[in-house]
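Asker: Would you mind keeping the following structure in view while I ask a few things?
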Amino acid sequence: MATSDCLCLPLQKVLEPFAPGVHTTISYASTDGEYKDDGKRKCFVVNGRYRCHNLEAHGFALMCVPLEKTQGHDLYNYLVASKVLYPLAEDVLRRAFPTSTKVLVFDHIARNDARYAQEAKAGEITKMLASSYAFHVHGDYTVRSGFSRARSLLEPHEDSGRIEAAIQQRFAFVNVWVPLKKVERDPLGMIEWGSQRPQDVVSIKFIYPHRTGEIYRVLPSDHHRWVYYPDMMPGECLIFKVFDSATDGRSRFSLHAAFPDPNCKPDTPSRESIEMRCVVFFGPNSAV
30 MATSDCLCLP LQKVLEPFAP GVHTTISYAS TDGEYKDDGK RKCFVVNGRY
80 RCHNLEAHGF ALMCVPLEKT QGHDLYNYLV ASKVLYPLAE DVLRRAFPTS
130 TKVLVFDHIA RNDARYAQEA KAGEITKMLA SSYAFHVHGD YTVRSGFSRA
180 RSLLEPHEDS GRIEAAIQQR FAFVNVWVPL KKVERDPLGM IEWGSQRPQD
230 VVSIKFIYPH RTGEIYRVLP SDHHRWVYYP DMMPGECLIF KVFDSATDGR
280 SRFSLHAAFP DPNCKPDTPS RESIEMRCVV FFGPNSAV
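With the sequence shown counted from 1, adding 29 to any position gets you this note's numbering.
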């Protein structure tokens with residue numbers, strides 16, 4: 030069993046009655062790559078708590094993170110969150126990828142639509158607080174943008190020779206997704222790597238002030254196997270690869286989206302979560 034397999038399966042979850050999953054609506058892209066109503070599909074999202082998902086085989090895994098170390102800190106403050114959460118994410122990734130040579134946590138984004146609405150009304154929005162949840166199925170990187178982003182992140186720290194040497198070895202962009210409270214609304218769903226096909230994605234460019242990004246939008250497919258972890262709690266984290274440079278058959282992209290939980294009551298509080306964006310580097314002939 031790989032290090033990242035089934036590292037977080039709280040006892041209370043095992044003792045609860047088995048719930049195989051939920052039927053819901055997933056927002057895919059239309060054939061032209063745009064998100065429209067004709068891209069929406071009814072899908073069954075499997076409860077992942079009763080299965081062992083492997084980072085290398087499936088692209089994602091549930092793990093534990095000592096979030097109690099952040100008590101008393103305002104995690105919506107960008108600088109505070111960076112100081113207290115990034116070391117925890119780095120530790121999680123070193124456990125998940127024990128042969129890694131370097132882990133860099135370079136950014137994060139917080140999600141809480143109720144808080145965002147309040148701050149927008151007041152005219153003062155916290156840095157990196159998202160306006161909504163990402164309901165459209167997507168992949169954070171393409172092959173081209175994965176290599177480009179790795180270079181740009183290393184440029185402040187390494188010379189050109191070391192940068193090229195680093196990206197000629199295996200590296201992987203990985204998100205560490207942490208709930209700040211119990212997730213009862215708009216959970217995050219993942220598509221298993223083995224059910225994805227190259228023709229399922231369309232690349233879309235984004236122009237930023239200092240760089241050009243590129244992501245995948247995702248077309249509907251009956252082959253997709255959707256998975257989520259219901260009722261995630263602080264102390265749990267979902268880690269998923271959004272780009273892996275390895276081409277040896279292991280998972281490379283974790284396509285994902287938030288989705289409406291049909292069991293959610295109208296007065297259920299907004300989901301509060303933070304996702305940290307990270308890149309993991311490996312040495313020559315790295316295995317896991």
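C-beta: ideal position from N, C-alpha, C; glycine also.
Report the residue ranges of all beta strand (DSSP E) runs contained in full by the segment 89-122; include only those spanning at least 3 residues, in chain order.
Answerer: You should have 89-93.
Asker: For Ser161, which residues of its own chain have a beta-carbon under 7 Å away from its beta-carbon, when the five flanking residues on both sides are left out?
Answerer: So the qualifying residues of the chain are Asp142.
Asker: Determine the direct distance from the alpha carbon of His239 to that of Lys156, and round the result to whole angstroms.
Answerer: Roughly 18 Å between the two C-alpha positions.
Asker: Between which two residues does the beta strand (DSSP E) harbouring Val271 extend?
Answerer: Here the beta strand (DSSP E) through Val271 covers 265-273.
Asker: For a quick check, are the C-beta atoms of His137 and Ala179 less than 8 Å apart?
Answerer: No; because the gap between Cβ atoms is not below 8 Å, this pair is not in contact.
Asker: Taking a contact to mean a Cβ-Cβ separation below 8 Å, would you say Phe89 touches Met219 in this structure?
Answerer: Cβ distance < 8 Å, so Phe89 and Met219 count as in contact.
Asker: Taking only runs of the beta strand (DSSP E) that begin and end inside the segment 53-92, which ones reach a length of at least 3 residues, in chain order?
Answerer: Correct list: 69-76.
Asker: Check this for me: beta carbons of Leu114 and Val309, under 8 Å apart or not?
Answerer: No, these two residues do not count as a Cβ contact at 8 Å.
Asker: What's the gap between the Cα of Arg173 and the Cα of Asp296?
Answerer: Cα-Cα distance, rounded: 43 Å.
Asker: Kindly provide the ranges of any alpha helix (DSSP H) runs that are 4 or more residues long and lie completely inside the segment 152-226, ordered along the chain.
Answerer: The qualifying runs are 172-183, 189-197.
Asker: Give the secondary structure of Tyr257 by DSSP, where H, G and I count as helix, E and B as strand, and everything else as coil.
Answerer: Tyr257: strand per DSSP, three-state reduction.
Asker: With burial defined as no fewer than 16 other Cβ atoms inside 10 Å of the residue's Cβ, what is the status of Leu284: buried or exposed?
Answerer: It counts as buried.
Asker: On the CB-based measure, 16 or more other CB atoms within 10 Å of its CB, does Ser302 come out buried or exposed?
Answerer: So Ser302 ends up on the buried side.
Asker: Quick check on Tyr237: buried or exposed, where buried means 16 or more other Cβ atoms within 10 Å of its Cβ?
Answerer: The residue is exposed, with fewer than 16 neighbouring Cβ atoms inside 10 Å.
Asker: With H, G and I counted as helix, E and B as strand and the rest as coil, what does DSSP make of Arg124?
Answerer: Three-state result, Arg124: helix.
Asker: Would you mind reading off the limits of the beta strand (DSSP E) that contains Gly242?
Answerer: Element bounds for Gly242: 241-247.
Asker: Can you look up Asp136 in the DSSP assignment and give me helix, strand or coil?
Answerer: Here Asp136 sits in strand by DSSP.
Asker: I'd like the list of long-range same chain contacts for Lys210, defined as Cβ closer than 6 Å, with 5 residues on each side in sequence excluded.
Answerer: Glu301, listed in sequence order.
Asker: What's the call for Leu108, buried or exposed, on a 16-neighbour Cβ count within 10 Å?
Answerer: So Leu108 counts as exposed.
Asker: Return yes when the Cβ of Pro259 is within less than 8 Å of the Cβ of Pro216, no when it is not.
Answerer: Cβ distance < 8 Å, so Pro216 and Pro259 count as in contact.
Asker: Since Thr53 contacts Val75 with CB under 8 Å, what's their CB separation in whole angstroms?
Answerer: About 12 Å separates the two Cβ atoms, so there is no contact after all.
Asker: Below 8 Å between beta carbons: does that hold for His167 and Arg246?
Answerer: Yes, they are a contact pair.
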